[in-house]
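See below for the structure under consideration.
Numbering (full-length UniProt numbering), first residue to last: 1 to 170.
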């Protein structure tokens, strides 16, 4: 079985991002605390562990892109999490913003209360934008539904097409 690297990285990234979203939004306040039954300590540990994994897979992706650039590999990796344009570029930029602000929040030495408040603000609202983009991404791609669409298309073509089917109903 030949599993592509970009496919594996995509789904590791998706699982880690889901853990980060669930634990992070749960810690955003009482509004979302019910997600983890108001167990903020566990949510904090899960978030920090998932954040460390997130940083590692982002670094692996960056190094892989550098390696590909050095080898002049121009093959398009459809499942890869970072890229030069489109949603992959958006994912890369938001990932970097979340990583930098997350480090500032985690370490928070020397940035003061204003810096901490700014980092929290940016981290939270970029997370909302990222969540909306993930929902859009899932809706737009819908890879799971493709076999159903193909099967449905073959079914209508065997019967003479959609126009003939509509005439039969009318």
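Yeah, the Cβ is synthetic: ideal placement off N, Cα and C, and Gly gets one too.
From a predicted model like this one, the values you see are computed outputs, not experimental measurements.
Identity of the residue in the options nearest residue i by Cα
{"i": "residue 95", "options": "17, 116, 76, 132", "result": "17"}
{"i": "residue 62", "options": "92, 79, 118, 26", "result": "92"}
{"i": "residue 131", "options": "4, 3, 14, 10", "result": "14"}
{"i": "residue 48", "options": "98, 67, 126", "result": "98"}
{"i": "residue 58", "options": "27, 11, 72", "result": "11"}
Cα-Cα separation, residue i to residue j
{"i": "residue 165", "j": "residue 76", "result": "Interpretation of residue 165 is limited by its pLDDT of 42, a score under 50 that renders its predicted location unreliable; the figure taken from the coordinates is listed afterwards. The alpha-carbon atoms of residue 165 and residue 76 are separated by roughly 39 Å."}
{"i": "residue 81", "j": "residue 110", "result": "33 Å"}
{"i": "residue 138", "j": "residue 45", "result": "27 Å"}
{"i": "residue 40", "j": "residue 7", "result": "33 Å"}
{"i": "residue 129", "j": "residue 21", "result": "12 Å"}
{"i": "residue 112", "j": "residue 118", "result": "10 Å"}
{"i": "residue 100", "j": "residue 23", "result": "18 Å"}
{"i": "residue 3", "j": "residue 116", "result": "42 Å"}
{"i": "residue 42", "j": "residue 50", "result": "12 Å"}
{"i": "residue 136", "j": "residue 142", "result": "10 Å"}
{"i": "residue 66", "j": "residue 37", "result": "42 Å"}
{"i": "residue 71", "j": "residue 27", "result": "43 Å"}
{"i": "residue 35", "j": "residue 79", "result": "29 Å"}
{"i": "residue 140", "j": "residue 74", "result": "25 Å"}
{"i": "residue 60", "j": "residue 19", "result": "19 Å"}
{"i": "residue 90", "j": "residue 127", "result": "13 Å"}
{"i": "residue 133", "j": "residue 9", "result": "18 Å"}
Closer than 9 Å to chain D by CB, residue i
{"i": "residue 130", "result": "Although the question refers to chain D, the structure presented lacks it and comprises just one protein chain."}
Boundaries (first-last residue) of the alpha helix (DSSP H) holding residue i
{"i": "residue 92", "result": "86–107"}
{"i": "residue 54", "result": "40–70"}
{"i": "residue 77", "result": "Where residue 77 is concerned, there is no enclosing alpha helix (DSSP H), given that its DSSP letter is neither H nor E."}
{"i": "residue 207", "result": "Look at the range of the chain in this structure, 1 to 170, and you will see that residue 207 is not part of it."}
{"i": "residue 115", "result": "112–141"}
{"i": "residue 24", "result": "5–27"}
Open item on the list: Three or more C-beta pairs under 8 Å: does that hold for the segment 26–34 against the segment 51–62?
Closed with: no
Task: Segment contact, 8 Å Cβ cut-off, at least three pairs: the segment 117–137 with the segment 87–107 - done: yes
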